[in-house]
Structures are given as structure tokens and as C-alpha cells.
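At position 233 of the sequence shown the residue is numbered 238 (the working numbering), and the sequence of numbers has no breaks. Each residue gets a CB set at the ideal place from its N, CA and C atoms; glycine is no exception.
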Amino acid sequence: MGRTIVIANQKGGVGKTTTAINLAACIAEAGKKVLIIDLDPQGNTTSGLGLNKNEIETTVYDLIMGESSLKECMIKSEVVENLTIMPANVNLAGAEIELADVKDREYVLKNEIDYIRDDYDFIIIDCPPSLNVLTVNAMTTADTVLVPIQCEYYALEGISQLIHTIDLIHDRLNPNLILEGVVFTMYDARTNLSAEVVENVKESLDTTIYKTIIPRNVRLAEAPSYGQPINVYEPKSAGAESYRNLAKEIINRKDL
Ligand SMILES: Nc1ncnc2c1ncn2[C@@H]1O[C@H](COP(=O)(O)OP(=O)(O)O)[C@@H](O)[C@H]1O
Ligand SMILES: [Mg+2]
């Protein structure tokens, strides 16, 4: 049985998309079959993996609106072996309103993914920076929630609300859903602040904290403009090493 991990944090700019892309690519590099689902209308996961989001005709939007088959909205990555992408673009921005009077709207993604879940070792879902119906769909589809935490002031802001949302979804919509844990992103070893944030979060949160800490690394910021994940763009960079290590930790979890 595979594992479906949603990458969520309602704050923008904390490293969700960077983590989704590079974690998926590094898990695939380790020989696992991976599907990555872009559930953010910004489509940054889609473009970061080398697809032209404005030219793609069928996306996850069409799937959840019941207008396309699974096959039509999945693309095998040309840059990473073992990786399949379910892309998104700005069309998805309409989904919230359009789903408003759809029956079981919280489950439209899950009901589709259930058909192909067993074809993959891991399914990674990138979320928009909000707790809207798209994020709820991601969480009803998922087994676990991985929360990237940026090593910045106010790192914990919104985290209690996120955990409350996960609890609510666990109680009402998806009894299987649990917190996978947190991963620190954009760690800057030159500042005390990053180290303080890590300490503070460790004291405040009672969940798995991944040992791998993702450093601030300029190669990670550059890679998306080349349409490549870090392990392809700059395989020996600190960013690539860190996401490989995170992938290893996640693959090797015995309790999930
Ligand atoms: N570890 C990192 N080092 C350097 N830049 C990063 C790192 N992680 C993310 N970034 C950059 O920070 C910005 C926000 O990251 P992103 O992954 O898009 O966040 P989110 O998806 O949570 O909005 C992007 O420009 C990204 O390239
Ligand atoms: Mg993002």
C-alpha cells in the first residue's frame, strides 16, 4: 500500500511547492513510483517540473469538475523517471465557486484518486496557501499531512489553526488522516533566528519533526525557472542533498 501525503500550510511562501516538487523527484529517484498532484491554481508545481501551464488542455480542474478522465489529465515527466504529474493552472481558481453546489464536493478528488492509488508508491499533493475546498479535497484524499515550516519570525503563526483543521477533517471527513510531521525549510545557518525557530517549534509541537532541515539554498530558488527539480538541475547542491535525505527519512518511516 502506498502513502498519499499532502503538503499543507495556509501561509504562502513557506516552501510548500519547493518541497512538493523536490520531495516527489527525490522519492522517484530512489526508485519509487510517484504521482504529484498540483492543487494550487498558481500552477507552480506544474511549471517547476517543466510543463507549460498555459498550454496544457486538461488539468486537475477538469478532473474534479467531471469533465475529463484520469488518463487525460496525467502526464509522465520527461525530466524525472518514475514521476507522473497531474497539472494545474489558473482554471482551478474557479473550482471553489463551481463546486459550491456539487454533492459530496469534499470528496471529488478522492473519488477519482481511489481508482489509481495502488498504482503508486507515493502520491504527493501540493496545496494552495489557504484552507479552502481544494485543501479540504487534498486532505480527504490523503493519509498524512506534511507541514513545511519556514525558519522565520512567526513560523508558528497559523499552525494551531492548521492542526485544528486536520483534526476536524479527521473527525468528520477522513478518519485515516494524520499529521505526518513537520519539516523546516529555508534554514539559514548564519543567523541565530533559524536555530531559535527550530528550538521553539520543537518545544511547542508534539509531532514528528524530520531530522533533515532544508537549508536556504539559491539553487533551490533557481531550479523552477529551468523546469527541473533540484536533483536534476544541480544534483550535488546542498538543496539536492537535503531533499534526498528528507525523501529517505519519509520512505523509511516504519510507523506509517
Ligand atoms: N530552501 C530554499 N532556499 C531558497 N529559496 C527557497 C527555498 N525554499 C523555497 N524557496 C523560494 O521561496 C519562495 C517560496 O517558496 P514556495 O515553495 O513557492 O512556497 P509556497 O508554495 O509555500 O508558497 C520561492 O521563490 C522559492 O523558490
Ligand atoms: Mg506553492
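- request: Please work out which residues of its chain come closer than 6 Å, Cβ to Cβ, to N236, disregarding the five sequence neighbours upstream and downstream, and give them in chain order.
  value: Within the sequence shown, the letter at position 231 stands for residue 236. A30, C31, E34, A245, listed in sequence order.
query: Leaving out the 5 sequence neighbours to the left and right, which residues in its chain are closer than 6 Å to I128 when beta-carbon positions are compared?
result: Position 123 of the sequence shown holds residue 128. Here the set comprises T9, L40.
query: Quick one: does the C-beta of K16 sit closer than 7 Å to a heavy atom of ligand 2?
result: Here the question's residue 16 lines up with position 11 in the sequence shown. K16 Cβ: outside cutoff for every heavy atom of ligand 2.
message: Quick check: the stretch 183–190 against the stretch 43–58, are at least 3 beta-carbon pairs closer than 8 Å?
response: no
- prompt: Is it true that the stretch 114–131 meets the stretch 141–159, where meeting means three or more beta-carbon pairs spaced less than 8 Å apart?
  reply: yes
message: Which of the three DSSP states is assigned to L172 in this structure?
response: Residue mapping note: residue 172 aligns to position 167 of the sequence shown, counting from 1. A small correction: the amino acid at residue 172 is Asp; Leu does not occupy that position in the sequence shown. The answer is helix: DSSP assigns D172 an H, G or I state.
- prompt: Helix, strand or coil for E185 per DSSP?
  reply: Position 180 of the sequence shown, counting from 1, holds the residue named residue 185. DSSP places E185 in strand when its eight states are reduced to three.
query: Under 8 Å between the Cβ atoms of T22 and N59?
result: As a first step, residue 22 is located in the sequence shown; it is residue number 17 there, counting from the start. As a first step, residue 59 is located in the sequence shown; it is residue number 54 there, counting from the start. Cβ distance not < 8 Å, so T22 and N59 don't count as in contact.
query: Looking at the structure shown, is I214 part of a helix, part of a strand, or coil, going by DSSP?
result: The residue labelled residue 214 in the question sits at position 209 within the sequence shown. Strand.
field: Sequence-distant residues of its chain with Cβ nearer than 6 Å to P229 (five each side left out)
entry: Counting from 1 along the sequence shown, the entry for residue 229 is found at position 224. Here the set comprises G53.
query: What's the gap between the Cα of A25 and the Cα of I12?
result: Residue mapping note: residue 25 aligns to position 20 of the sequence shown, counting from 1. Residue mapping note: residue 12 aligns to position 7 of the sequence shown, counting from 1. Cα to Cα, the separation comes out at about 7 Å.
message: So if DSSP puts T89 in a beta bridge, which residue, or which two residues, is it bridged to?
response: By one-based count along the sequence shown, residue 89 stands at place 84. DSSP lists L40, K81 as partners of T89.
- prompt: Does at least one heavy atom of ligand 2 sit under 7 Å from the Cβ of K21?
  reply: One-based indexing of the sequence shown puts residue 21 at position 16. Yes, the Cβ of K21 comes within 7 Å of a heavy atom of ligand 2.
Euclidean distance between Cα positions of G36 and V84: In the sequence shown, the residue the question calls residue 36 occupies position 31. In the sequence shown, the residue the question calls residue 84 occupies position 79. The alpha-carbon atoms of G36 and V84 are separated by roughly 14 Å.
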